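Student: Attaching a single structure in structure tokens format; questions to follow.
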Amino acid sequence: MLMRTDPFRELDRLTQQLMGPGTWSRPSAMPMDAYREGDEYVVAFDLPGIPTDAIDIDVERNMLTVKAERRPAAKAEDVQMELSERPLGVFSRQIVLADTLDTERIRADYESGVLTLRIPITERAKPRKIAIGGESTHRQISG
């Protein structure tokens with residue numbers, strides 16, 4: 571099995587912890603996967619612990635923007651936080667979509683902390699066979 575490593579991932583995580591949570595003007599990145607499945611392009615975002623009303627999905631022309639906000643959980647007055655590692659704040663990701671994708675029919679599902687967008691591929695972008703026309707009449711050359 572081939573494992574891809576990113577030597578800067580730990581550095582990014584530490585930088586994010588030092589700089590604090592993301593804001594609407596300076597959001598943090600969210601991890602995602604993108605792949606083609608049949609006649610759809612699928613994009614999956616990790617957003618654990620974020621309610622659906624805190625997720626915003628926009629498409630303008632061919633720019634897809636996903637923003638989400640994880641707010642601190644409401645705590646009683648007598649609660650003392652011992653450890654807090656889960657990132658809070660705003661997360662955002664922008665993706666430029668190809669012209670071959672149908673942005674009018676994007677479907678979004680959110681299950682187990684994963685936001686999955688399914689974007690159909692347009693009919694004009696699907697592979698198709700081209701018929702070859704033949705000569706309907708054959709002429710004989712006499713000489």
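Quick note: the sequence shown uses this note's numbering, first residue 571, plus one each step. We put the CB at the ideal spot given by N, CA and C, even for glycine. Source: prediction; values computed, not measured.
So for THR686, helix, strand or coil by DSSP?
Tutor: Your numbering for residue 686 matches position 116 in the sequence shown. Strand, per DSSP.
Student: Apply the 10 Å Cβ neighbour rule to ILE702 and answer buried if 16 or more other Cβ atoms are within range, or exposed otherwise.
Tutor: Indexing the sequence shown from 1 puts residue 702 at position 132. The residue in question, ILE702, is exposed, as its Cβ has fewer than 16 Cβ neighbours within 10 Å.
Student: Three-state secondary structure (DSSP) at ARG606?
Tutor: As a position in the sequence shown, residue 606 is number 36, starting the count at 1. If DSSP states are grouped into helix, strand and coil, ARG606 belongs with the strands.
Student: What residues in its chain sit with their C-beta under 8 Å from that of SER662, if we drop five residues either side in the sequence?
Tutor: Numbered from 1 along the sequence shown, position 92 holds the residue referred to as residue 662. The residues are GLY592, PRO597, SER598, ALA599, MET600, THR635, VAL636, LYS637 and ALA638.
Student: I think PRO690 touches ASP609, with their Cβ atoms under 8 Å apart; what is that distance to the nearest whole Å?
Tutor: In the sequence shown, counting from the first residue as 1, residue 690 sits at position 120. In the sequence shown, counting from the first residue as 1, residue 609 sits at position 39. With 8 Å as the limit, PRO690 and ASP609 qualify as a contact, their Cβ atoms being about 6 Å apart.
Student: Please state if the CB of ASP626 and the CB of ALA614 are separated by a distance shorter than 7 Å.
Tutor: Here the question's residue 614 lines up with position 44 in the sequence shown. Here the question's residue 626 lines up with position 56 in the sequence shown. No. Outside cutoff.
Student: What first and last residue would you give for the beta strand (DSSP E) that runs through LYS637?
Tutor: By 1-based counting over the sequence shown, the position of residue 637 is 67. Start and end: 633-640.
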